[in-house]
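Everything on this sheet refers to the single structure shown next.
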Amino acid sequence: MAIDGLSFPPAALPPESEALRAEVRAFLAEERASGGFEPICDSWMSGWSPEFSRKLGARGWLGMVWTKEYGGHERSPLDRFVVSEELLAAGAPVSAHWIADRQSGPLILRFGTEEQRRDILPRIARGEAYFAIGLSEPDSGSDLASIRTAMTRENGRWVLNGRKIWSSGAHMADYMIALVRSAPPDPQNRHAGMSQILLDLKNTPGLSMRPIHILTGAHHFNEVTFEDVEIADDQIIGEVGQGWAQVTDELGYERSGPERFLSTFPLVTALVDKLRHHDDPAKRAVAGRLVAQLWAMRQMSVRVVGMLAAGEMPNVEAAVVKDMGTRFERESVDIVRGVLAERPATDSDDPFARRLAEAILHSPGYTLRGGTNEILRGIIAKGMGLR
Amino acid sequence: MAMEGLNFPPMDLPPETEALRAEVRQFLAEERANGGYEPHCDAWMSHWSPDFSRKLGARGWIGIMWPKKYGGQERSALDRYVLTEELMSAGTPVFSHWVSDRQIGPTLLAYGSEAQCALLLPEIAKGNLFLAAGLSEPDSGSDLASIRTSLLPDENGKLRLNGRKIWTSAAHLSQYIIVLCRTSPFNIEKRHEGISQVLVRTDTPGISMRPIHLLDGRHHFNEVVFEDVEVDPDQIIGEPGNGWKQITDELVYERSGPERYLSTFPLIVELANRINRDGGTSAQKAALGKLVAQLWTLRRMSVRIVGLMASGKALPNNEAAVIKDLGTRFEQESIALVRSVVDARPSKDSLDPLEVRLAEAIFHSPGMTLRGGTNEILRGVIARGLGLR
Amino acid sequence: MSDIRDMLVETSEKLFADLSTAEVINASEQGVWAAQLWTALEEAGLTLAAVPEDLGGAGGTLGDAFAVVRVAGRYAAPVPVAETVLAGWALAGSGLKVPSGPLAIAPVAAGDAIEIAKAGESWTVSGTARHVPWARHADHIVVVGDGAAAAVPRGDCRIEEGANMAGEPNDLVTFDKVRVDAGAAGPAGEGIGPDSLWVMGALGRAVLMSGGLERAFEHTVRYTSERVQFGRALSKFQAVQQEIAIMAGEVAAADVAADAAVAAAEAGDPTYQVAAAKARVGQAASRIAGSSHQLHGAMGFTHEYPLQHNTRRLWVWRDEFGGEEEWAEKLGAWLAAAGGDEVWPFISGSRAGLAA
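Line order of the protein sequences matches chains A, B and C.
Heads up, my numbering is the position in the first sequence plus 18, with the first residue counted as 1.
Heads up, my numbering is the position in the second sequence plus 14, with the first residue counted as 1.
Heads up, my numbering is the position in the third sequence plus 313, with the first residue counted as 1.
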């Protein structure tokens, strides 16, 4: 394929990755059998289990690509991909460590101080330290560059004031990495003057939190307020003013993973299970179409990981996978609904009905989180030279 | 429901229209039985029959609302609506007289001179005379106000028409063409001023035409070139400079009519026939039901608008745009849905009518959301009507 | 619309706006019965609008009753407005007096059947009804069986509480051979039965949805006009305008479809018009729910912001009394059995010029 700005070079998973896959599957099978977890939709957002995270850590399945010096396992991004997709396809409860392992850890590895690396990374890798993200603010959603939470120099110290919103898991996490202004806004250069800082969520005077309930009443998100919070120099990740560049990097990691099309996979498998008792070839065809789309998207995602493994930054391709994948997640819910008219209910005895209810109730989020799809399409258009 | 820009007041067609509907249905049944026509998808844009047009004309079914002195029947907009939807749903070959009947006739009546009306309308009404509308140009599609075809006096004071029109439907079958042109130079602050419509015979010296073949090889559209075509002032329609108003008034009618959702109806009929013949799967029945549910709704919306228009109370521009956007997207989606539930090899040469209808529909599908204003533009109109722009 | 209808709608709008607030809806989700709202509705004669006066109602038409239902849908009213209309239809249609107070209707779940049998001068009601909306708060649960209808006092039923995805009561109701007096039960009237209940129930849901999705759309237009990012209101972005324009089409289509189906119900057996409406409105509800959330961003996903009052109910109502697939299949099967030439007469609502 030769489209300007868009390239998905072939990538294959090596035999070592397949061997690893077998191990992960065996582990998951044991866990399922012993009642360790129930597969749920959106498990990477709503399945919080420190116990499960620790088990993964113990098997070396967190911090996989980091250096051993910091508790990592020096494995390839392709290995990490295999573990992630197996966990997500199984609807396993991975949300406690998800952000830490996916983006906070890599950020600290790249830009953190030696002390941060030695202190924090091994704990993430063991599944013991959890992170939340501080990006959006009440007046800054899609327009992230307009954030106003700011730290200013006062008497030789940094003092932070402001508020972050939609921070998933902040009420249970240990740390937050927040993007804040470290210099006043400059209309000529909107992306300058921001830094990322490391915050101890459990132990910081002036930091307070209030829950934000999603429409089901469940508590995942939080608003975190900073009132005259003192920030030490060593809490700044990398250099002052580097914040925007760091965040853009992170978004590349965040956007391309299998969680961007596997959130409703447990629903699809539940559908296929149900269809064993149905004769209708048209219904089977619908299930077949869903799986065909998933198969194709996974191929694209594998190729993006291949590019990451080769040291590239496939921002546009990651945005394509995220846009397509999350749109698929959203559409899959209505498609499944159309095939089997079961009453969706979170308290049903029927796992299919439970999965369908979860998927419906969470559906607004798929195409909003990690950057709304409208914004992503703008990135794709720009990457192709249309803007 | 009463939202600004979105008002579809309840309306039913009066019982008086039933008699006309019955007549049309009986005529069509006879014609079908005699092989007078075959139903086709998108027939109104692609199939013509001079014979069929004359037969309609003989029954007074072209120009049905026009004054009797011009060959019309002076019947109501509601009667015309019923006539139109019966002809559309049956997939009849009305292409050659369509534009004349729907758009040009009303323009002449509203803005044309007595002489123009007397010359043209009776023959149009008989189905003998066809007029085409020259609007779009190579550089002026969605932005029609940017046209460059000009009608200006030469050094001897004689009016000359110069320019080029494109996508001109049925111009090759028409004896006349109404050309949208500039009679005053373009003024960026008053882009809609200085535009006029002028009536020219297609056999006038200086006019040349070349066919534009669509992707199925068929010839419906043309490019028409005007080189120093001599024009008399009495060929201008209405006031010079009033052209923009003349064409925008027509758009409401053009946008909300049954042709905006019935283009693929013959395909849907074949789906029903196939299920009837073969028993049909659940998925096929559900697809048919879904399509009919959408059509039933679209038609009800369209009837409500014609009520508004007939009463003369308002020109429901936004509502017409809504119907056009919704209806034409429905037409395109109907094709995908039928395809997904039937085993069919679309082909114009098939012996299976469903496969022929499917091929017609597929080939014509790109045009459905482009003609009559692209849907993107229409959604802009809707957004404006909602107060967003 | 008639003057009476206009007045009903105006009165309903004011009443629901005042009393079906976000606080009331949230409290209802926590189990608090919206007593003030219900009482006000009853006192204004809005709950039994289509029941003849001599049977306890306001003596209006089905269209009047559904006009109120639509407003209830707009305001996500946490009271059994539609269910009481259905109950009134079943009882009054069987010549039975309709009791005051909130009414539930059963059965509502596919496959459930309740037996209503004559026992001397009175009747007995037996069976189980799943997912009955509002049963625990109803004064009576009105049951439609094969050949009979009955109004069973709630206290005589066994109720196991449950909820739907919108946080509304959906209870399991068991009738253990409950005795019902002659005045409260009787042979089903003409056209009243479990099948027609399914049709009228679907109609009620289509009407509720048409109101609810209109409100979700209004929220969306307002929110995108107020929310500023990148220096301008979201509604100024072309991508946003395009999606809102598409939503406008769905809102209009839903309103027209539901309204046309109500008109068909007033004129006779509306089975296939209801099928068309339920399928079409369900389709619109899905599109509107998705788009309204997308255009609201994260804010719309919260419990706090009122969009979810409408969208969670759209997700529930589209499934109740048969989803789009079921009704589309029913309509398609009926049309196909008649043949391709019958499709246009159905759509045009006219058999003029055709063999009867």
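No residue lacks a Cβ here, since even glycine has one placed at the ideal position from N, Cα and C.
The structure presented is a predicted model; accordingly, all values stated were derived computationally and were not measured.
Cβ of residue i within 7 Å of any chain C Cβ
| i | result |
| --- | --- |
| Leu139/A | no |
| Leu386/A | yes |
| Phe22/B | yes |
| Glu420/A | The displayed coordinates of chain A run from 19 to 405. Any statement about residue 420/A would go beyond what the structure contains. |
| Arg314/B | yes |
| Lys304/B | yes |
| Gly387/B | no |
Residue i: first and last residue of the uninterrupted alpha helix (DSSP H) it sits in
| i | result |
| --- | --- |
| Pro407/B | In the structure as shown, chain B begins at 15 and stops at 403. Residue 407/B is therefore absent and cannot be evaluated. |
| Asn207/A | Looking at the DSSP string, Asn207/A is not in any alpha helix (DSSP H), and its letter there is neither H nor E. |
| Phe109/B | Phe109 to Val113 |
| Tyr51/B | Tyr51/B -> no alpha helix (DSSP H), and no H or E assigned at all. |
| Met382/B | Pro367 to Met382 |
| Ile251/B | Ile251/B -> no alpha helix (DSSP H), and no H or E assigned at all. |
7 Å Cβ cutoff, residue i in contact with chain B
| i | result |
| --- | --- |
| Ala399/A | no |
| Asp297/A | no |
| Ile660/C | yes |
| Val656/C | yes |
| Leu627/C | no |
| Ala314/A | no |
| Ala300/A | yes |
CB of residue i within 7 Å of CB of residue j, strictly
| i | j | result |
| --- | --- | --- |
| Arg528/C | Arg387/C | yes |
| Ala139/B | Gly77/B | yes |
| Pro95/A | Ala327/A | yes |
| Arg273/A | Gly343/A | no |
| Leu392/B | Ala335/B | yes |
| Met194/A | Leu217/A | yes |
| Arg383/C | Gly524/C | yes |
| Phe240/B | Asn176/B | yes |
| Glu257/A | Gly224/A | no |
| Met478/C | Ala47/A | no |
| Ile396/B | Ala561/C | yes |
| Gly23/A | Met402/A | yes |
| Met315/A | Phe279/A | yes |
| Ser90/B | Phe144/B | no |
Host beta strand (DSSP E) of residue i (start-end)
| i | result |
| --- | --- |
| Trp176/A | Arg175 to Lys182 |
| Leu175/B | Leu173 to Lys179 |
| His616/C | Careful: His616/C lies outside any beta strand (DSSP E) and carries neither H nor E. |
| Ile215/A | Met212 to Asp218 |
| Val214/B | Ile209 to Arg215 |
| Val465/C | Ala461 to Pro466 |
Bridge partners - residue i, DSSP secondary structure assignment
| i | result |
| --- | --- |
| Phe240/B | Gly177/B and Ile221/B |
| Val438/C | Ile429/C and Val491/C |
| Ala147/B | Ile192/B |
| Phe239/A | Ile230/A |
| Met194/A | Ala150/A and Leu217/A |
| Ile161/B | According to DSSP, which records beta bridges pairwise, Ile161/B is partnered with nothing at all. |
| Pro482/C | Ala476/C |
C-beta neighbour in chain A for residue i, strict 7 Å
| i | result |
| --- | --- |
| Thr697/C | Because chain C is modelled from 314 through 669, residue 697/C falls outside the range shown and cannot be assessed. |
| Ala417/C | no |
| Ser210/B | no |
| Glu531/C | no |
| Ala297/B | yes |
| Ser599/C | yes |
Integer Cβ distance of residue i from residue j, believed to fall under 8 Å
| i | j | result |
| --- | --- | --- |
| Ala350/B | Leu372/B | No, Ala350/B and Leu372/B are not in contact; Cβ-Cβ is about 11 Å, not under 8 Å. |
| Glu273/B | Lys172/B | Not confirmed; about 40 Å, so no contact. |
| Thr31/B | Leu70/B | The Cβ separation is near 17 Å, so there is no contact. |
| Glu300/A | Val355/B | As written in the sequence, residue 300/A is Ala, which differs from the Glu given in the question. Contact flag correct, Cβ pair sits at about 7 Å. |
| Ser213/A | Gly259/A | 6 Å |
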